[in-house]
Amino acid sequence: MSFLNVRDMKTDQPTTFMKIGFDAKRAYKNFTGLGNYSRFILKSLSQNFPTNDYLLFTPEVRREAAEISYACHNTNQKTITPTDMWKLPGIAGLWRSVFQGLKHCESQLDIFHGLSNEIPLFKSKSTKYVVTVHDLLFCRYPELFNPIDVQIYKLKMARSCRAADQVIAVSEQTKEDLISYFQIDPAKIKVVYQGAHEIFNQDVSSAKSQSVKQKYNLPDRYLLFVSTIDKRKNVQLILQALKERSDWSLPVVVVGRPTSYLADLKTYIAEQGLQDKVLFLHNVAFDDLPAVYKMAHVFIYPSYFEGFGIPIIEAQRMGVPVITSTGSCFREAGGNGALYGAPDDPAALIAHIDLLSDEIQRESLIQKGYRNIKRFDQQLIAGQLMEIYEEVMQPSLRPVLAH
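In this text, residue positions in the sequence shown follow the numbering used here: the first is 3, and each later residue adds one.
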């Protein structure tokens, strides 16, 4: 086994050399929540703990993108894809539960980290297993999923959590759900929050803002929503507020992937005569998103339920005041840098938007948001994960590693 505990020559602090494998399917194939999380973790660990070897397992590498290169093509990382029969159509679908497990023995991994709810069916006795669980939406809202998929998700997640040596939940809400729905031992679950992509740490120039404004025909001032456009995300609440306050000059810009629910929203918009107050954008380039946030008057995230709520952090980093929902995990993400209202209460949303028309109130909330996002620093999160890996590898060393 490659795990070693030594001392860093610069800081005289204990450090480790480990060979760590990851389920990197989402990192290579998804460009929304789970993919962003996977790339954030892979890049953070590679950058902050460069002495380790990182093996990235993915069923295929079809798409070249700067985000993937930045997170997955570093010198201490190696991408492993299926070979021989595992590349055949249909069979390649088994790679996640079978292929990765078989490859662990060959790779002699110290740690395998399932970044999106699963670990392989076959395990190596010499490898320790960590799994990140993002949410249990299929348990809370089964009506939003195919019934067969719900049962498959339940079986896979329950098995993975019980078979893993450590479970990471992205929020206290997710931890509570794991305990409630699957009776996972609370002592086995640690909460490690997500972080926003590094692109949201960068300043947006006036030239970039003007370019993005022209590209998407954005209004001068607008309310903003960013997420998948489905019923659970509750864009309807914003539309209800616009209906009630016809005197507002503020339109809403809705950025996100459309679902069948978009038709319901457009019907409501037509019925209420709101066509001039709603702009849907379904293909905003990721590089343009920071500018879209920055130019917004207020960011509204009225979702009923999330595993974490990363757009809240993205908005706060871009200096935009945030209004979001009570309940679920939203206060965990927004801290005291957001305003909270019930997701079925348009009057509360209207009151919050009116409050933020006062520039003093608006600036105060922006500053609270800046302070809040320090909790989600990349280096901090990478350090928390490495402590978990070290503890899982050698629990008896934890008191030494803490000094």
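Yeah, the Cβ is synthetic: ideal placement off N, Cα and C, and Gly gets one too. It should be emphasised that the depicted structure is a prediction, and the values quoted were computed from it without experimental measurement.
In the DSSP annotation of this structure, the continuous segment of the alpha helix (DSSP H) that includes I383 starts and ends at 380–395. A buried status is given to L225, since no fewer than 16 other beta-carbon atoms sit within 10 Å of its beta-carbon. At the C-beta level, I231 and Y263 come within 8 Å of one another. The region 28–48 makes contact with the region 118–132; the number of CB pairs closer than 8 Å reaches 3 or more. For I186, the three-state secondary structure derived from DSSP is coil.
Residue range 113–116 is occupied by the beta strand (DSSP E) that includes H115. It is roughly 43 Å from the alpha-carbon of Q168 to the alpha-carbon of A349. Looking at the DSSP output, G337 bridges to nothing. The count of Cβ pairs closer than 8 Å, one atom from the region 283–297 and one from the region 124–141, stays below three, leaving the stretches out of contact. Distance check between I352 and each of T328, F307, Q242 places Q242 closest, using alpha-carbon atoms only. Exclusion of the five residues before and after Q277 leaves I271 as the residues of its chain whose Cβ lies within less than 7 Å of its Cβ.
Look at the beta carbons and you see the region 170–180 not touching the region 360–376: under three pairs across the two are nearer than 8 Å. DSSP places K268 inside the alpha helix (DSSP H), whose first and last residues are 263–274.
F59 sits in a strand when the DSSP states are folded into three classes. Pairwise C-beta distances place the region 237–254 out of contact with the region 200–218, as fewer than three of them are shorter than 8 Å. Here DSSP, grouped into helix, strand and coil, assigns A317 to helix. Residue burial annotation: N54 is buried, with at least 16 other C-beta atoms found within 10 angstroms of its C-beta. In this chain, the alpha helix (DSSP H) harbouring D151 covers 149–165.
In this structure, N32 keeps its C-beta atom at 8 Å or more from the C-beta atom of P52.
Taken atom to atom, the span from the alpha-carbon of Q396 to that of W97 is near 29 Å. In the structure shown, P348 falls within a helical segment according to DSSP collapsed to helix, strand and coil.
Beta-bridge annotation (DSSP): T326 is paired with Y303, Y342. Counting along the chain, Q212 sits inside the alpha helix (DSSP H) bounded by residues 208–218.
S305 is a Cβ neighbour of R234, given a cutoff of 8 Å. The Cβ atoms of M320 and F140 lie no closer than 8 Å to each other. Within the same chain, and ignoring the five residues on either side of N50 in sequence, the residues whose Cβ sits closer than 6 Å to its Cβ are Q381, A384. Between the alpha carbons of P260 and S229 lies a distance of about 9 Å.
Approximately 20 Å separates the beta-carbon atoms of I375 and H354; this is outside 8 Å, ruling out the contact.
The beta-carbon separation of V280 and V254, rounded to 6 Å, stays under the 8 Å limit for a contact. Beyond the five residues adjoining it in sequence on each side, I181 comes within less than 6 Å, by CB distance, of P188 in the same chain, given in chain order. Residue environment for Y30: buried (at least 16 other C-beta atoms within 10 angstroms of its C-beta). Of the candidates R164, K130, G329, Y342, R164 places its Cα closest to the Cα of Q185.
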